Structures are given as C-alpha cells and as structure tokens.
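Everything below concerns the one structure shown next.
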Amino acid sequence: MEADSVLLRVEQYANRCTKSETGILNEILRNPQEVAKDTIVEFAAKCEVSEPTITRFVRKIGFKHYTEFRIILSQELLRDEIKKNQNYDEKKEISGLYEEYCRLLEKSSALISQEILNELIDMMDQATRIKIYGIGASGLTAFETATKLLRVGYSVFAVSDASYMRRDASYSRQGDLIIAFSVSGETRDLVAALELAAKHGARIILVSAYEHSAASKFAHKVVFTSRKDSLPAGHFISSEIAQLFVVDCLYERIVRRNPDKLVDYEAKAFSAVVDDFSEARIVRPRKKKE
C-alpha cells in the first residue's frame, strides 16, 4: 500500500463499517496524530473495542497488522509536516533540536523520583543476578547500563541479540532481575523473552514510554520515560536519550546511597589495569647478525 493513501483508504471504507468499526474509523480521522502514537492497547481503549477488533479493521484496509498501520500512518503525517515547513529557518536547526532535547529531559525528569529510584535499587540489591535486555537502539542503552552497574559492584550482563535473549530468558530462575529497555514496549522478541523469564520466576523492571504495552504485562515495575512523539519535532531526536537519563539518575542514586561502592570498585579496576601494564613484556626485535 502507498504510504500517502492511508487516511484516504480509511475514508473509503466508511460505507462498509460495522457498528464497532465506525468508532475506530472516526477516531483515526478525527485525530490521526494521536493514533500514530498509540499502542494497540491504548487505541482499543479509546475506541472501546477489543484489540482483535482493531487488528481485523486494519487488515480490512490493507495492512498486515496494527504496527504496520501505525508506522505507515506516522510516515505519511511526517511527510505532510515536512512539506508544510519548506520555508523553515536553517539558522534555527541546531537551537531548535537543543530545545527539543531540553523538553524531552524536562518531561522525563517529571516522571522519575527518589522513591522510584530507591525502589529499583532495593530490587537490584535483592537480586542474585541482574540481566539487562534491549533490542536495536535500546540494546545500546542496555550495554551502557551494564557498564555502569559493573562499576558499582553488581553482577550484571547485557543481552541485545533477539535469539540469544529468548534462550537466556529460558535459563532464568528465582532471584534473577531483568531490566528491560523498550520505548514502545511492543518489540516482539523482547516481549517473548520477558514472558519466558517471568514463567521461570525472574522479576522484571521495564523502562518504557508507554503505560499499556505487551511488555508491561510481565513487568513487576514499570519506569516511564517521556515520549519523543509528544514533541513538535520529536521525529528528529533520539528517544534513547530519555532512557539514558533514567540510567544516569539511577547510577547517581546508587553512588550517593553508598559512595564507597564506586571508590572500591574503581580502585580495583585501576589496579587491574596498572598490574596488566606493569607485567607486560616489551618484545624488542632482534638485531640481525652482520
């Protein structure tokens, strides 16, 4: 299906709608920008229908599933917005993005508190093993988180490969804690891994921008980040910045609760590097016999 035909296709289906589908169609045409941001759970709640009803509707208008519909609708809306702003001021590009990042972080800071951070740390301290999950760009956040937690003495490792994540989740046991990063909370492989881990007794912390998502069903605690699509030019910035903000807040809280942790483990890391350097053998090339 052509991207620019999404809303037109919805309009053309109007005379074939069932009673429940009429509400879906009207919601899309009334506020497509909001629909493009909604998960299927959120959209179904707004339309007061079931998720399967939403899925059947988008299939009838030519999409494989709701996610495809939402992505192509977002692309159409973005293209229209860019066309409307052809005469923008190039001098304001950098300052404009800076302002958007500030808004993103300001909104994220309003969603986090010392109480939430302390609760997360308590869950981490009670765990025998911590695993960090993230796929795609969220995988980068997962590895950054693991690096920071290692520096303060936690037994932790990160997983970003989808197939290995499922396998690792199947090895989970009671005492494990999984910190999962997913902006949408709908990443299929991540959701499948969390479901497996939950069945095996692992506790789960989800860092996501959406309250009602497939991943949140398996989370014991959900930490919310700001949604970049709530910003006027959110499509130009990286939503992972909001994830990293949460990680840095958590890291600072850990260190402030126990400053000796950072000092002790940084000293051990420094000592290991120094020892490796001092014990390294410098091999010099032999002189050729004349």
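Everything in the sequence shown is counted per the numbering used here, starting at 3 for the first residue and increasing by one.
Don't be surprised by glycine CBs; every beta carbon is placed ideally from N, CA and C.
Because the structure is a prediction, the values reported are computed rather than measured.
- Between the region 95 to 109 and the region 132 to 143 there are fewer than three C-beta pairs closer than 8 Å, too few to call the two in contact.
- 7 Å or more divides the Cβ of Ile-243 from the Cβ of His-222.
- A Cβ-Cβ distance of about 5 Å is found for the pair Phe-59 and Glu-23, placing them in contact under the 8 Å criterion.
- Beta-bridge annotation (DSSP): Asp-178 is paired with Arg-131.
- Residue environment analysis places Thr-143 among the buried positions, since at least 16 neighbouring C-beta atoms fall within 10 angstroms of its C-beta.
- In this chain, the alpha helix (DSSP H) harbouring Ser-172 covers 164 to 172.
- The alpha helix (DSSP H) runs lying completely inside the region 190 to 234 and spanning 4 residues or more are 190 to 201, given in chain order.
- In this structure, Leu-151 is the residue among Ser-172, Ala-171, Leu-151 with its C-alpha nearest to the C-alpha of Lys-263.
- By alpha-carbon distance to Ile-74, the top candidate from Ile-114, Met-126, Val-8 is Val-8.
- Note that the C-beta distance between Leu-252 and Leu-113 is not below 7 Å.
- Per DSSP, the beta bridge partners of Val-161 are Tyr-135.
- Per DSSP, the continuous alpha helix (DSSP H) segment holding Thr-55 begins and ends at 53 to 62.
- Apart from the 5 residues on each side of it in sequence, Ser-115 has no Cβ closer than 8 Å to any other Cβ in its chain.
- Around the beta-carbon of Ala-47, fewer than 16 other beta-carbon atoms lie within 10 Å, marking it exposed.
- Considering only Thr-41, Ser-97, Tyr-15, Tyr-100, the residue with the shortest C-alpha distance to Gly-64 is Tyr-15.
- Non-local C-beta neighbours of Thr-227 in its own chain, meaning closer than 8 Å and more than five positions away in sequence, comprise Ser-110, Leu-113, Val-185, Val-209, Ser-210, Ala-211, Ser-241, Ala-244, Gln-245, Phe-247, Val-248, ordered along the chain.
- With 16 or more other Cβ atoms inside 10 Å of its own Cβ, Ser-76 counts as buried.
- Collapsing the DSSP output to three states places Phe-65 in coil.
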